[in-house]
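Notes follow the structure.
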Amino acid sequence: MSSAKNININLKIWRQKNAKSKGSMETYKLDNVSTASSFLEMLDQLNEQLINEKTEPIAFDHDCREGICGMCSLYINGRAHGPDTGITTCQLHMRMFKDGDTIFVEPWRSKAFPVIKDLVVDRSSFDRIQQAGGFVSVNTSGNTIDANATPINKNDADKSFEAAACIGCGACVATCKNGSAMLFVGAKVSQYALLPQGKVEAATRVLNMVRQMDEEGFGNCTNTGACEIECPKGISLENIARMNREYLKASMK
Amino acid sequence: MAKSALLKSSIGKKYWMALTGLFLCLFLAGHLAGNLQLIFGDALKFNQYALFMTSNPAVKLLSYLTYLSIIFHAVDGILLTIQNKKARPIAYAMNNPQKNSSSASRNMAVLGTVILVFIVTHMVNFWAKMHFDEKMPLQTVRIEVQPGMAQEFYITTAGGYMPKDGVELKNKTDLIDINAHVKVGEAYKDLHKITFAFFKDEKYGLIFTILYVLAMGVLAFHLLHGFQSAFQSLGVNNKFTPALKTFGKLFAIIVPLLFAIIPVCIHFNFILKH
Chain A
7 MSSAKNININ LKIWRQKNAK SKGSMETYKL DNVSTASSFL EMLDQLNEQL
57 INEKTEPIAF DHDCREGICG MCSLYINGRA HGPDTGITTC QLHMRMFKDG
107 DTIFVEPWRS KAFPVIKDLV VDRSSFDRIQ QAGGFVSVNT SGNTIDANAT
157 PINKNDADKS FEAAACIGCG ACVATCKNGS AMLFVGAKVS QYALLPQGKV
207 EAATRVLNMV RQMDEEGFGN CTNTGACEIE CPKGISLENI ARMNREYLKA
257 SMK
Chain B
1385 MAKSALLKSS IGKKYWMALT GLFLCLFLAG HLAGNLQLIF GDALKFNQYA
1435 LFMTSNPAVK LLSYLTYLSI IFHAVDGILL TIQNKKARPI AYAMNNPQKN
1485 SSSASRNMAV LGTVILVFIV THMVNFWAKM HFDEKMPLQT VRIEVQPGMA
1535 QEFYITTAGG YMPKDGVELK NKTDLIDINA HVKVGEAYKD LHKITFAFFK
1585 DEKYGLIFTI LYVLAMGVLA FHLLHGFQSA FQSLGVNNKF TPALKTFGKL
1635 FAIIVPLLFA IIPVCIHFNF ILKH
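Chains as they are written, first to last, in the numbering used here: chain A, 7 to 259; chain B, 1385 to 1658.
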């Protein structure tokens, strides 16, 4: 903490009144930002300044601020969740910036993630993809079987767990030049396809989830690998390949 | 549902992109093997090869598959690109994609379009002449029949020689005896001569050579991303992927490089003579 200092920054932030209005980039100046503060704390500080100036504060998504909920979603200086890697926006700190920097802050840009207000986007398209097949049909009315009753290969369990680490923040879509959701869907498909419990519904799951993904207006994967780099949870491209395999298998049936 | 999924879905389109792309990689390897004969200086062998490639039924089938693959790869690519553009209607004011992906991977559509333009001009310059040109030259050879007296002969596909002024032409390559009016043989279309004339052209030869080399550079970048990407699209991502990536990179550099060397050799006369 002793190395913390205060910096002055310029911000260019997307302002949009509501889902229907046309937005624009607005410029703000913010002084005395501690480099020990998080990016979201910096935005809180800016909002206090705006409220004092009797202007509308900037709307942005946030919840746990611990890097695990997947709620925060900002495109900072041309990168999803900002310049650091393996983190969500709430885990980005102002020590990554220098005094006098101009920082661009934009919402996720995707047809399937429409802007609701300022930096807040509607990610319910992800929910609809999940509802199309991202589950296992288990009877939970009092006769749930112990999870460890079914032996699972350690390697598969690990890979499934890695896929399940996806928090559905949408950084993959935001960073993909095609606005593709395949890393998200690949992770959700893999998480179940690797486990015996998920194999029963594997074929309908992948067909339904991909169909929903296409209907929502996400783009197509061109294997640039950008999503894997920007994903705060390090979800691997292997999951997209697995989804492609699963889809091919299911389509042949 | 399943059948239409293989054609219309996002993933289905990627399968076709990958399959046609990989088939075209095989075509490139075959085409290169044929072209390399040009720098070994034997015109007759090259023309015999050209005749084989345009008349053998199995090769013909493969060539139709190649045309179809090129068309499908291009159309599918255009459809995918349109969908991808639609998926992000508002662009970022500030974007830093070079931090997370290679420029080749982000510009496959642009690279592909340049390659398509190249393929069309390449086919006009060589393929169309070989197939349709009425004035396509035939391979001849000057032989000294008596000391101090040379005469020009057509080389026939049967392995013989026909004096040029003793025959007339029918159906582009049929040699008809001017007196007996019967077919006495078939001559070879001189694709070798056309190719050398093209790249050695006094006015444009150097420009054609440079454009060809540039097009091969574009092809290299397209393959640099495309080769391994095709396997990923088909769901192949396993312990062999690092090796596959290395092979893909070598293929992407070596194949276009060897293609590019040929017109350079022709233009600057680095032909290996027997």
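We treat Cβ as the ideally placed atom computed from N, Cα and C, and that holds for glycine.
Hey, arginine 134 of chain A and alanine 199 of chain A are a contact pair by Cβ (cut 8 angstroms); roughly how many whole angstroms apart?
At roughly 20 angstroms, the Cβ-Cβ gap does not stay under 8 angstroms, so arginine 134 of chain A and alanine 199 of chain A are not in contact.
Is lysine 255 of chain A helix, strand or coil when you go by DSSP?
The answer is helix: DSSP assigns lysine 255 of chain A an H, G or I state.
Checking contacts by CB at 9 angstroms: is isoleucine 1499 of chain B closer than that to chain A?
no
Please list the partners that phenylalanine 190 of chain A has in chain B, where partner means a Cβ-to-Cβ separation under 9 angstroms.
Simply none; closest approach about 13 angstroms.
Determine the direct distance from the alpha carbon of asparagine 1509 of chain B to that of isoleucine 1650 of chain B, and round the result to whole angstroms.
16 angstroms
Measure from the C-beta of isoleucine 1462 of chain B to each C-beta in chain A and report whether the shortest distance is under 9 angstroms.
no
Is the segment 151-162 of chain A in contact with the segment 233-243 of chain A, if contact means three or more CB pairs nearer than 8 angstroms?
no
Are the CB atoms of methionine 1514 of chain B and leucine 1575 of chain B within a distance shorter than 9 angstroms?
In this structure, leucine 1575 of chain B sits near methionine 1514 of chain B, with a CB-CB distance shorter than 9 angstroms.
Chain-ordered residues of the segment 220-232 of chain A with a beta carbon less than 8 angstroms from chain B:
So the list reads Asp220, Gly223, Phe224, Gly225, Asn226, Cys227, Thr228, Asn229, Thr230, Gly231 and Ala232, given in the order they occur along the chain.
Is phenylalanine 141 of chain A helix, strand or coil by DSSP?
coil
Can you check whether the CB of alanine 1477 of chain B is closer than 9 angstroms to the CB of lysine 18 of chain A?
yes
Could you tell me how far apart the beta carbons of valine 195 of chain A and phenylalanine 224 of chain A are, in whole angstroms, since I believe they sit closer than 8 angstroms?
For a cut-off of 8 angstroms, the C-beta gap from valine 195 of chain A to phenylalanine 224 of chain A is around 14 angstroms, too long to register as a contact.
What does isoleucine 1466 of chain B reach in chain A if we use C-beta pairs closer than 9 angstroms?
The premise fails here: isoleucine 1466 of chain B is roughly 10 angstroms from chain A at the closest Cβ pair, so nothing lies under 9 angstroms.
Starting from the C-beta of glycine 139 of chain A, find all residues in its chain whose C-beta is less than 6 angstroms away, skip the five residues before and the five after it, and write them out in chain order.
Arg211, Asn214 and Met215
Here's the rule: buried if 16 or more other CB atoms are within 10 angstroms of the residue's CB, otherwise exposed. What is glutamate 62 of chain A?
exposed
Put lysine 194 of chain A into one of helix, strand or coil per three-state DSSP.
Looking at lysine 194 of chain A - three-state DSSP - the assignment turns out to be helix.
Work out the CA separation of aspartate 1426 of chain B and threonine 1505 of chain B for me, nearest whole Å.
Distance between the alpha carbons of threonine 1505 of chain B and aspartate 1426 of chain B: 26 angstroms.
Would you call the CB atoms of glutamine 97 of chain A and aspartate 105 of chain A closer than 9 angstroms?
no
What does a CB cutoff of less than 7 angstroms around glycine 1418 of chain B pick up in its chain, not counting 5 residues either side in sequence?
Result list for glycine 1418 of chain B: Tyr1433 and Met1437, in chain order.
Which of the three DSSP states, helix, strand or coil, is assigned to valine 1566 of chain B?
coil
Can you tell which of B:Asp1517, B:Phe1537, B:Glu1528 and B:Tyr1538 has its C-alpha closest to the C-alpha of lysine 1556 of chain B?
Residue B:Asp1517 is the option with its Cα nearest to lysine 1556 of chain B.
Under the rule that 16 or more other beta-carbon atoms within 10 Å means buried, what is valine 142 of chain A, buried or exposed?
exposed
Continuous beta strand (DSSP E) stretch holding methionine 31 of chain A: start and end
Methionine 31 of chain A -> beta strand (DSSP E) spans 30-40.
Check whether the Cβ atoms of leucine 1603 of chain B and phenylalanine 1643 of chain B lie closer than 9 angstroms to each other.
A Cβ-Cβ contact shorter than 9 angstroms links leucine 1603 of chain B with phenylalanine 1643 of chain B.
Close-in-space but distant-in-sequence residues of the same chain around alanine 163 of chain A (CB under 8 angstroms, 5 per side omitted)
Leu200 and Leu201
Hey, how far is the Cα of phenylalanine 1611 of chain B from the Cα of threonine 228 of chain A?
12 angstroms
Hey, which unbroken runs of the alpha helix (DSSP H) at 4 residues or more fall wholly within the segment 143-231 of chain A?
160-170, 177-181, 188-199, 202-205 and 208-221
Per DSSP, which one or two residues make a beta bridge with serine 267 of chain A?
This structure gives no information on residue 267 of chain A, because the portion of chain A shown stretches from 7 to 259.
Identify whether methionine 1385 of chain B lies in helix, strand or coil by the three-state DSSP scheme.
Confidence at methionine 1385 of chain B is low in this model, with a pLDDT of 45, below 50, so the placement of that residue should be treated as unreliable; the coordinate-derived value is given next. Coil.
DSSP beta-bridge partners for proline 1547 of chain B?
B:Phe1537
Quick check: what's the CA-CA separation for asparagine 250 of chain A versus isoleucine 1395 of chain B?
7 angstroms
Do you know offhand how far alanine 169 of chain A's Cα is from glutamate 252 of chain A's?
15 angstroms
Is glycine 174 of chain A close to chain B, meaning its C-beta is less than 9 angstroms from at least one C-beta of that chain?
no
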